[in-house]
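S.K.: After the structure tokens below, expect a handful of questions from me.
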Amino acid sequence: MTQSTVILILVVVTALGFDFTNGFHDTANAMATSIATNALRPKVAVALSGALNLVGAFLSVQVALTVSNAVVKIQGKDGAPKPDLVGDGGKALLLIVLAGLIGGIVWNLLTWLLGLPSSSSHALFGGLIGATIAGLGWAGVNWVGDGTKLDGVVGKVILPAIASPIIAGVVAAAGTWLIYRVTVGVAARFTDNGFRWGQIGSASLVSLAHGTNDAQKTMGVITLALIASGDWSDTKNIPVWVKIACALAIAAGTYLGGWRIIRTLGKGLVEIAPPQGLAAESASAAVILVSSQLGFALSTTHVATGSILGTGIGKPGAQVRWRVAGRMVAAWLITLPAAAVVGALMWYIGHIVGGGVGGAIVVFVILLALAGFMFFRSRINPVDHNNVNDEWEQAPAPERVSAGAAS
Amino acid sequence: MHNVTLALQGAWKVLAASLILGAGLPLIFALGIRSLAWGAGGEAEVHTTGVTGPKANPAGTVLGWILFLIVLAGVALGITFVVATGFGKVMSFDHIYPTIHSK
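If you're matching them up, the sequences are chains A and B in order.
Note that this note's numbering has the first sequence beginning at 1, numbered continuously upward.
Note that this note's numbering has the second sequence beginning at 1001, numbered continuously upward.
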């Protein structure tokens, strides 16, 4: 086994790990509203979403090999790695990819621990950008593209991140407002049952679209690594085992369910009623599908959060917890830079200990340690399918009976 | 600043199309629910307590299911789109009704 092979195995394992966190981080986007309104029991919701993600992942037949081209310059136009990066058997490129993936995973786990729905694609891109800056310098990053189409960090990441939640919010608010106008005079029990069905349908569509969009990012990254190490040469197709492994990883992650994030999106932001759930998921599904049709890259997380906020604004008299919304927006803003910092740090650590196999193993062990720490930290106040729908506000402590009061 | 201009152009298109699909279909769905309630009458509609609700009206039930079918067709279109894109095809609306062909 050559040195490159060892690093390659670490990269593949880490990439699948990222895909897994991508799954459980984003269960909430599709299923938080259905769980919050009891349209589906929590376990059923994550099982349905996981299955649809699996199907969606297999549907992404199209090659996603150039996924990293949007933000960093480590590949050529055809998806093959830059020749000067693979001169040493691909070790230079593999270390950048490994460090970038670790940046993405660490940030995904941290935001999960805090119950914040941050974007997994921003985490991945951030990690890759950071590792690339560390490894190749600032010029290695594709900041604005060449100006002829939406490209680069600004065009593919920052601008869509600003626009998509606003668009989704407007659509969801309009939908919610219309639904409530139309159903005035219909008994609530009657509408709720009907809307629960609509909600399940629209949430399923979001899950399917998520599987197709997100699983292929990891497929692209793994294939890039395989090409860099010389284990694969076809830039038009990806190996079948990569597709199967990625599909299973994202589906397993989705089934595990990021309950902390589901709770924040379903209960924390807005109290959701079934008509609002339908409006939110329809808006998300529409925005995701329309933008991929028009080639407008975006993050499912931003869309879903924008939609749920929108339903809070669109329903007359509904309460939006702006403090929770503020925390989310803050998390969005720092996702990319924070993942970039972790990615860059990992690259430097790997580089200082000599690069190559030693460096790769050291950063991989650091990843395992950080992931283990965050997992144990999460056990202190676990959130799972049993308490995901508990009231958001703590019930006020029972009034103290003053000592002298007669009983 | 090309990116900003391009993004704004893209954003308007996304907003317009999403409003039609993402708010339009829920609106039709809500109208369907409204019709069903009208069709079912009685307890499905809000009425003064103590009095029997409005009478059932079969036309409402029929209209309601027609509206649901329209929504289902919209969702089917969405799924077809996801699947078609996955297989490297594009869906085109050049002939008003959707057609699928290779890129």
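Yeah, the Cβ is synthetic: ideal placement off N, Cα and C, and Gly gets one too.
The structure presented is a predicted model; accordingly, all values stated were derived computationally and were not measured.
Of the choices 167(A), 216(A), 282(A), whose alpha-carbon is the least far from that of residue 204(A)?
M.R.: By one-based count along the first sequence, residue 204(A) stands at place 204. Closest option to residue 204(A), Cα to Cα, is 282(A).
S.K.: Give a yes or no on whether the minimum CB-CB distance between residue 1027(B) and chain A is below 8 Å.
M.R.: In the second sequence, counting from the first residue as 1, residue 1027(B) sits at position 27. True, the Cβ-Cβ gap to chain A drops below 8 Å.
S.K.: Measure from the C-beta of residue 71(A) to each C-beta in chain B and report whether the shortest distance is under 8 Å.
M.R.: Locating residue 71(A) in the first sequence gives position 71, where the first residue counts as 1. By this cut-off, residue 71(A) is not an interface position.
S.K.: Determine, for residue 18(A), whether the minimum Cβ-Cβ distance to residues of chain B falls below 8 Å.
M.R.: Numbered from 1 along the first sequence, position 18 holds the residue referred to as residue 18(A). Residue 18(A) does not count as touching chain B.
S.K.: To the nearest angstrom, report how far apart residue 320(A) and residue 309(A) are at their CA atoms.
M.R.: Position 320 of the first sequence, counted from the start, is the residue given in the question as residue 320(A). Position 309 of the first sequence, counted from the start, is the residue given in the question as residue 309(A). Cα to Cα, residue 320(A) sits roughly 7 Å from residue 309(A).
S.K.: Taking the DSSP output, what are the residues bridged to residue 320(A)?
M.R.: Taking the first sequence and counting its residues from 1, the one referred to as residue 320(A) is at position 320. According to DSSP, residue 320(A) bridges with 270(A).
S.K.: Note down, in chain order, every chain B residue with its Cβ under 9 Å from the Cβ of residue 273(A).
M.R.: For the purposes of this step, residue 273(A) is taken as the residue at position 273 of the first sequence. None at all; the shortest Cβ gap to chain B is about 13 Å.
S.K.: Compare the Cα-Cα distances from residue 164(A) to each of 346(A), 307(A), 16(A) and report the closest residue.
M.R.: Along the first sequence, read from residue 1 onward, the residue named residue 164(A) stands at position 164. For the residues 346(A), 307(A), 16(A), the minimum Cα distance to residue 164(A) belongs to 307(A).
S.K.: Suppose only complete runs of 4+ residues qualify. What are the alpha helix (DSSP H) ranges in the region 11-98 of chain A, listed by chain order?
M.R.: Those alpha helix (DSSP H) runs which fall completely within the region 11-98 of chain A and span 4+ residues are 42-59.
S.K.: Which term fits residue 344(A), buried or exposed, when burial requires 16 or more other beta carbons within 10 angstroms of its beta carbon?
M.R.: Walking along the first sequence from the start, residue 344(A) turns up at place 344. Per the 10 Å Cβ criterion, buried.
S.K.: Return the chain-ordered ranges of every alpha helix (DSSP H) run that is complete within the region 1012-1082 of chain B and spans a minimum of 4 residues.
M.R.: Counting whole runs of 4 or more residues, the region 1012-1082 of chain B contains the alpha helix (DSSP H) stretches 1024-1040.
S.K.: Determine the extent of the alpha helix (DSSP H) in which residue 382(A) is found, giving its start and end residues.
M.R.: For the purposes of this step, residue 382(A) is taken as residue 382 along the first sequence, with counting starting at 1. Taken as a continuous stretch (DSSP letters only), residue 382(A) belongs to no alpha helix (DSSP H), as it is neither H nor E.
S.K.: Can you tell me the Cα-Cα spacing of residue 313(A) and residue 180(A), whole angstroms?
M.R.: Taking the first sequence and counting its residues from 1, the one referred to as residue 313(A) is at position 313. Taking the first sequence and counting its residues from 1, the one referred to as residue 180(A) is at position 180. About 12 Å.
S.K.: Counting only runs of 4+ residues fully inside the region 210-291 of chain A, write out the alpha helix (DSSP H) ranges in chain order.
M.R.: Counting only runs of 4 or more, we get 240-256, 259-263.
S.K.: Return the bridge partner residues of residue 141(A) from the DSSP annotation.
M.R.: Numbered from its first residue, the first sequence carries residue 141(A) at position 141. DSSP, once it has assigned bridges, lists 72(A) as partnering residue 141(A).
S.K.: What span of residues does the alpha helix (DSSP H) with residue 182(A) cover, start to end?
M.R.: Locating residue 182(A) in the first sequence gives position 182, where the first residue counts as 1. That run of the alpha helix (DSSP H) goes 159-182.
S.K.: With a Cβ-Cβ cutoff of 8 Å, do residue 191(A) and residue 311(A) count as a contact?
M.R.: The residue you call residue 191(A) lines up with position 191 of the first sequence. The residue you call residue 311(A) lines up with position 311 of the first sequence. No. Outside cutoff.
S.K.: Is it right to say residue 376(A) is buried, meaning 16 or more other beta carbons lie within 10 angstroms of its own, or is it exposed?
M.R.: Taking the first residue of the first sequence as position 1, residue 376(A) is located at position 376. Exposed.
S.K.: Express the C-alpha separation of residue 244(A) and residue 415(A) in angstroms, rounding to a whole number.
M.R.: Outside the shown range of chain A (1 to 407) lies residue 415(A), about which nothing can therefore be said.
S.K.: Quick one: which chain A residues come within Cβ less than 7 Å of residue 1013(B)?
M.R.: By one-based count along the second sequence, residue 1013(B) stands at place 13. Those are 294, listed as they occur along chain A.
S.K.: For residue 362(A), go through chain B and note every residue whose CB falls closer than 9 Å to its CB, in chain order.
M.R.: Numbered from 1 along the first sequence, position 362 holds the residue referred to as residue 362(A). Those within 9 Å of residue 362(A) in chain B number zero; the least Cβ separation is about 38 Å.
S.K.: Is there at least one Cβ from chain B nearer than 8 Å to residue 190(A)'s Cβ?
M.R.: As a first step, residue 190(A) must be located in the first sequence, where it is residue number 190. It does; some Cβ of chain B falls within 8 Å.
S.K.: Could you work out which residues of chain A lie near residue 1060(B), taking near to mean beta carbons separated by less than 9 Å?
M.R.: Locating residue 1060(B) in the second sequence gives position 60, counting from the first residue. Going along chain A, no residue has its Cβ under 9 Å from residue 1060(B), so there is no contact; the nearest lies around 11 Å.
S.K.: Report the partner residues of residue 186(A) according to the DSSP bridge assignment.
M.R.: Counted from its first residue, the first sequence places residue 186(A) at position 186. Answer by DSSP bridge pairing, in chain order: 1045(B).
S.K.: Would you say residue 410(A) faces chain B, with C-beta separation under 8 Å as the test?
M.R.: Residue 410(A) cannot be examined here, being either before or after the span of chain A that is shown, 1 to 407.
S.K.: In angstroms, rounded to a whole number, what distance separates the CA positions of residue 294(A) and residue 371(A)?
M.R.: In the first sequence, residue 294(A) corresponds to position 294, counting from 1. In the first sequence, residue 371(A) corresponds to position 371, counting from 1. Going by the C-alpha atoms only, they are around 37 Å apart.
S.K.: Please determine if the region 356-367 of chain A and the region 96-115 of chain A are in contact, where contact requires at least 3 C-beta pairs separated by less than 8 Å.
M.R.: With a cut-off of 8 Å, the region 96-115 of chain A and the region 356-367 of chain A count as touching, because enough Cβ pairs lie within range.
S.K.: Near residue 210(A), which residues of its chain fall below 7 Å by C-beta distance, leaving aside the five closest residues on each side in sequence?
M.R.: Residue numbering aside, residue 210(A) sits at position 210 when the first sequence is read from its first letter. Only 26, 29, 30, 53, 56, 300 meet the Cβ criterion.
S.K.: Does DSSP put residue 315(A) in a helix, in a strand, or in coil?
M.R.: As a working mapping, residue 315(A) is identified with position 315 in the first sequence. Residue state, collapsed to three classes: coil.
S.K.: Would you mind sorting residue 2(A) into buried or exposed? The rule is 16 or more other CB atoms within 10 Å of its CB.
M.R.: The count along the first sequence starts at 1 and reaches residue 2(A) at position 2. Its Cβ having fewer than 16 others within 10 Å, residue 2(A) is exposed.
S.K.: Just checking: is the beta-carbon of residue 37(A) within a distance shorter than 8 Å of some beta-carbon in chain B?
M.R.: Numbered from 1 along the first sequence, position 37 holds the residue referred to as residue 37(A). Chain B, which has no Cβ nearer than 8 Å to the Cβ of residue 37(A), makes this no.
S.K.: Kindly indicate which three-state DSSP category residue 193(A) falls into: helix, strand or coil?
M.R.: Taking the first sequence and counting its residues from 1, one reaches residue 193(A) at position 193. Residue state, collapsed to three classes: helix.
S.K.: Starting from residue 120(A), follow the alpha helix (DSSP H) in both directions and report where the run begins and ends.
M.R.: Taking the first sequence and counting its residues from 1, one reaches residue 120(A) at position 120. First-last of the alpha helix (DSSP H) with residue 120(A): 120-136.
S.K.: Between residue 15(A) and the rest of its own chain, which residues show a CB-CB distance below 6 Å, the 5 nearest in sequence each way excluded?
M.R.: Position 15 of the first sequence, counting from 1, holds the residue named residue 15(A). Closer than 6 Å at the Cβ level, and outside the excluded window around residue 15(A), lie 101, 218, 221, 222.
S.K.: Consult DSSP for residue 389(A) and reduce its assignment to one of helix, strand or coil.
M.R.: Counted from its first residue, the first sequence places residue 389(A) at position 389. It is coil, neither helix nor strand.
S.K.: Starting from residue 357(A), trace the alpha helix (DSSP H) in both directions and tell me its first and last residue.
M.R.: Along the first sequence, read from residue 1 onward, the residue named residue 357(A) stands at position 357. It spans 356-378 - the alpha helix (DSSP H) in which residue 357(A) sits, taken as one unbroken run.
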